[in-house]
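The listed protein sequences derive, respectively, from chains C and G.
Heads up: the first sequence begins at 26 in the working numbering, then just goes up one per residue.
Heads up: the second sequence begins at 26 in the working numbering, then just goes up one per residue.
Note that CB positions come from ideal geometry on N, CA and C, so glycine has one too.
There are 2 protein chains.
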Amino acid sequence: MLDKRKRSILQAIVDDYISTAEPIGSRTIARKHDLGVSPATIRNEMADLELLGYIEQLHTSSGRIPSAKGYRFYVDSLLSPTQMSEREISLIKNWYQEKTRHVEEVFQETAKILSKITSNISLVLVPQVNQCAFKYLKFLPFDDCRTILVVVTDTGFVENKVIDIPTGLSFNDLQRIAEHINRRLSGLSFEDIELSILREIQNEMLIDVDLFETALGILKQALVVEKNERLYLGGTTQLLSQPEFKNIEKVKSFLDMLEEEHLLANILQKQKNDGVIVTIGDENKYSGIQDCSMVQATYRIDGQVVGTVAVLGPTRMDYGKVMSVLEFMHNHLGEVLKKYKI
Amino acid sequence: MLDKRKRSILQAIVDDYISTAEPIGSRTIARKHDLGVSPATIRNEMADLELLGYIEQLHTSSGRIPSAKGYRFYVDSLLSPTQMSEREISLIKNWYQEKTRHVEEVFQETAKILSKITSNISLVLVPQVNQCAFKYLKFLPFDDCRTILVVVTDTGFVENKVIDIPTGLSFNDLQRIAEHINRRLSGLSFEDIELSILREIQNEMLIDVDLFETALGILKQALVVEKNERLYLGGTTQLLSQPEFKNIEKVKSFLDMLEEEHLLANILQKQKNDGVIVTIGDENKYSGIQDCSMVQATYRIDGQVVGTVAVLGPTRMDYGKVMSVLEFMHNHLGEVLKKYKI
DNA sequence: TGTTAGCACTCTACAAGGTTGAGTGCTAAC
DNA sequence: GTTAGCACTCAACCTTGTAGAGTGCTAACA
Chain C
26 MLDKRKRSIL
36 QAIVDDYIST
46 AEPIGSRTIA
56 RKHDLGVSPA
66 TIRNEMADLE
76 LLGYIEQLHT
86 SSGRIPSAKG
96 YRFYVDSLLS
106 PTQMSEREIS
116 LIKNWYQEKT
126 RHVEEVFQET
136 AKILSKITSN
146 ISLVLVPQVN
156 QCAFKYLKFL
166 PFDDCRTILV
176 VVTDTGFVEN
186 KVIDIPTGLS
196 FNDLQRIAEH
206 INRRLSGLSF
216 EDIELSILRE
226 IQNEMLIDVD
236 LFETALGILK
246 QALVVEKNER
256 LYLGGTTQLL
266 SQPEFKNIEK
276 VKSFLDMLEE
286 EHLLANILQK
296 QKNDGVIVTI
306 GDENKYSGIQ
316 DCSMVQATYR
326 IDGQVVGTVA
336 VLGPTRMDYG
346 KVMSVLEFMH
356 NHLGEVLKKY
366 KI
Chain G
26 MLDKRKRSIL
36 QAIVDDYIST
46 AEPIGSRTIA
56 RKHDLGVSPA
66 TIRNEMADLE
76 LLGYIEQLHT
86 SSGRIPSAKG
96 YRFYVDSLLS
106 PTQMSEREIS
116 LIKNWYQEKT
126 RHVEEVFQET
136 AKILSKITSN
146 ISLVLVPQVN
156 QCAFKYLKFL
166 PFDDCRTILV
176 VVTDTGFVEN
186 KVIDIPTGLS
196 FNDLQRIAEH
206 INRRLSGLSF
216 EDIELSILRE
226 IQNEMLIDVD
236 LFETALGILK
246 QALVVEKNER
256 LYLGGTTQLL
266 SQPEFKNIEK
276 VKSFLDMLEE
286 EHLLANILQK
296 QKNDGVIVTI
306 GDENKYSGIQ
316 DCSMVQATYR
326 IDGQVVGTVA
336 VLGPTRMDYG
346 KVMSVLEFMH
356 NHLGEVLKKY
366 KI
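Okay, structure coming up:
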C-alpha cells in the first residue's frame, strides 16, 4: 500500500495529466501542489512510483504520466465519489423535457448529453427486446395483395412490416392465424419463443402445412426485426478535440472501428452486474480500444436492468466527472424512459 | 472558347490534380502527357489559362491548380460521359440483394455504396412523406389506460405511437373517432391536410369539444412524425483520407456542420429538376461547403421524383466517376425501392 | 535517516540557416 | 509560333544550435 505522500504525488500526477495532457515533472508538482517538500524529494518518490508501476516515462528526460495501473489506483482509492451539482441535474432534466417527444429521441439525446458533458464518445444501448414479452400480432388491411403485419410487445414496442398476402389466403384466414398465434404466444418473452413452440402451434393448427410455413416465416421475420438491438452513438467529433487523436490515422482507424456497431454492442453486453463500471486501457478485452478507457453503467426499469450507457475515451479522461454523470444516468434514465411508456 | 491545345492542357491539369492533389507544373505536363510541345510552350498557354481564370497559382513558383471556373469547364466540356462497367453494376445489384431486407436498409446501403465507390461523403434524402397520402389510422388495444395509434400511408409507410387514452373516453369512442377521421381524410396527401379541414371535422362531429381536441392533437402529433424526413449519411470517415482535410480543425468544423442534418436536407431539396446536377465550390449557396463540390441526382418511383441522392467532397473530386455512379442511382434506385413496396 | 541543494546529463521543441528541386517569367534565337 | 536558356522564387527538407524541462546521483544537512 502506498503511503500518504506517494498517494498525494500520484494524485497530483493523474489530476494534472488529465487536465493538461502533458507529462508532469517533479518541479511542476512542487510548484502547483503544496506538498511541503522540494522537487528532489518528489523525484525520489516518483522513482519509487515508477518502480511500482503506477507511472511511466516516455523518454529519459520527460515528466511522468500515469500507467493503466496508476489510473486504476486513482479510480479505486484516490477519487472521492462526487455527485453532480443541483444545477447540472436540473439542466439535464430540462433538456430531456424540451428535446424528447419519442422514445428514440430519449436515447439520441442521452447520447448527446453524455458526450457534451464529458467531451467524449458516448454509447447508449437500447433495451434488448428479447428480454420483453410478446403481446400480440395483428394484420391490418392494406390492399388486395398486401397486408401490414404489426407486432406489439408488453413494453409498448411496436414493429410493423408490409408483406405480401400468401396466395390462396384470404384476409380472414390471416385473422384466424393471428388469433391462434396470439393465444399461444402472448406473454412469452422473445427469448422463450423457440422453434419448438412454433412447431407445436403448427401441429395444433389443422390447416395446410404450406400455409403455416408462410405464417411462421412472417413471424420469424418479425422476430428478426424485434431482436435487432440498436446502439446510439454520440460525440464522435469530440474525438478530434482530444490531443491523443492529433494523428489523423489514429482517428480514422478508431472511427472505422466505431462503425462496426455490433462489436461495440457486444462489449457493452458483457456487463451483467448492476452499477457503474470502469475499464481502463488494456483491461478492455477488445483490442481496438486498449488504449482507451470505458465507463459504463446499466439502467433499469422497474428494478430490472434493461440497457447500458457508456462513455468511451482516452485513458486520460476525467473519471470523476464521467462517473458522476453515468451514476446519474444509472439512477434516472429509467424514470425518463418510463414517461415514454416503453 | 478555348482552342484545342488549351483544352488539352486544362484537361491534363484537372486530371492530374484530381488524382495527385498536387499543383501541376509545365514540365510535369510535358512529361506525362504527350502533347508534342515543350514545357516552355505549355508555360505560355498556362499563363493564358490563368489570365482567363481557369487555373490559379498558390504562390509564385508553384504549379497550377484548377479554379472553380476550370472545374466547371472540365465538367461541362471536357468530361466525356462515362457509364459504369458491367462488373460494377452487377456488383452493386448483388450488394442490394444481399444486404437489404427493409426499406430503411436500402437507404442505408445506398449511402454506404456511394461513399465506398466515390471515397466521399454521400447523402440520401428519403422520400418526403407529405408527398404521399393518408390512408387510415387505427387504434390498437394495449392496456386499460393506453392505446397504440397506428397511421398508415398509401405508400405503405406505417408509424405508431403508444398514447394515453384521454380520460372519459372508451376504446369504442376511439374507434368511432378513427372511423370518422378516416372517412374524411383518406386519400388526401399530407400536404393537403390543413387545419381548416380538421376544424371541419370537428364541426361535423357532435361530440364534446375537449374530446375532439384530444383526437386532433393525436393526429397532429402523428403528422409531425410523418413529415419528419430522414437523411442518411455515409462515409464521413472517408473525409479523413482526403489530403485537403489534413487539418484537424477543418475536419472538425466540417463534421459539426454535417450534424446539422436539416441544413443539408434543405440544400438537397432545392433541386427540383430531374437528373444529375453538379455544383462546384462557391456555386454552392450554403457557405459551409463553398470549398466543396456536390453532385446530386434525383430518383423516381413510377416516373415521379421522390428523393435525392448526393455525393459531397472537395472540389478536387473524380467528377467522372461520381457522376456515373449517381447517373446509375438516378436510373435504378427507384426500381430497388419498388421491390420493398414503398 | 530522511530531506535537500547542486551538478552533470538527456532529450524535445523550436528557430535559424543552408540546400535542393520544381516551378515560373522573360528574352533571344530558331 | 516555338523553343532553349537563364535568372529568379518559393516550399520542403535537412542540419545545427540553443533553451528549457526534466532526470539521477552525490554529498551535505537537520
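Is residue i helix, strand or coil when you go by DSSP?
i      : result
Y257/C : strand
L139/C : helix
T172/C : strand
L194/G : coil
Q267/C : coil
S91/C  : One point to set straight first is that residue 91/C is Pro, not Ser, in the sequence displayed. Strand, per DSSP.
I367/G : Unreliable positioning characterises I367/G in this predicted model, as indicated by a pLDDT of 45, which lies under 50. The coordinate reading is nonetheless provided below. I367/G falls in the coil class under three-state DSSP.
V350/G : helix
R325/G : strand
T304/G : strand
G181/C : coil
P64/C  : helix
L337/G : strand
S51/C  : helix
S318/C : strand
K186/G : strand
G313/G : helix
Output yes if chain C places a C-beta closer than 9 Å to the C-beta of residue i; else output no.
i      : result
E204/G : no
V212/G : The question names Val, yet the displayed sequence has Gly at residue 212/G. Chain C, which has no Cβ nearer than 9 Å to the Cβ of G212/G, makes this no.
D281/G : yes
G181/G : yes
D284/G : Per the sequence shown, residue 284/G should be read as Glu rather than Asp. Yes, contact with chain C.
S144/G : no
K141/G : no
L165/G : yes
Tell me whether residue i is buried or exposed, calling it buried when 16 or more other Cβ atoms sit within 10 Å of its Cβ.
i      : result
M354/G : buried
N119/G : exposed
K271/C : exposed
E123/G : exposed
P106/C : exposed
K160/C : buried
C170/C : exposed
I367/C : Bear in mind that the predicted position of I367/C carries a pLDDT of just 45, short of 50, making it too unreliable to give a figure here.
I114/G : exposed
K346/G : buried
G306/G : buried
P268/C : exposed
K364/G : exposed
Using a Cβ-Cβ distance cut-off of 9 Å, determine whether residue i contacts chain G.
i      : result
S147/C : no
G86/C  : Reading off the sequence, residue 86/C comes out as Ser, not Gly. Judged by the 9 Å Cβ criterion, S86/C is not in contact with chain G.
L199/C : no
D169/C : no
L362/C : no
H357/C : no
G338/C : no
V187/C : yes
K124/C : no
T135/C : no
E261/C : The residue you asked about is not Glu; residue 261/C is Thr in the sequence shown. Closer than 9 Å to some Cβ of chain G, the Cβ of T261/C qualifies, so yes.
I222/C : no
I43/C  : no
If you follow the alpha helix (DSSP H) that residue i is part of, which residue opens it and which one closes it?
i      : result
F159/C : Looking at the DSSP string, F159/C is not in any alpha helix (DSSP H); the run it does join, the beta strand (DSSP E), is F159 to P166.
N119/G : E111 to K124
E219/C : Run containing E219/C: none; DSSP gives neither H nor E here.
Q82/G  : Here Q82/G belongs to no alpha helix (DSSP H); instead the beta strand (DSSP E) covers I80 to Q82.
M26/G  : Careful: M26/G lies outside any alpha helix (DSSP H) and carries neither H nor E.
Give the C-beta separation of residue i and residue j to the nearest angstrom, bearing in mind that I take them to be a contact with Cβ-Cβ under 8 Å.
i      : j      : result
L289/G : L256/G : 6 Å
G78/C  : V39/C  : Not confirmed; about 14 Å, so no contact.
R89/G  : P64/G  : About 13 Å; that fails the 8 Å criterion.
D343/G : I43/G  : 6 Å
T180/G : L199/G : At roughly 25 Å, the Cβ-Cβ gap does not stay under 8 Å, so T180/G and L199/G are not in contact.
I'd like the span of the beta strand (DSSP E) that includes residue i, first residue to last.
i      : result
S147/C : I146 to L150
Tell me whether residue i, by its Cβ, gets closer than 8 Å to a heavy atom of the ligand FAD.
i     : result
G95/G : The ligand FAD is not part of the structure shown, which contains no ligands of any sort.
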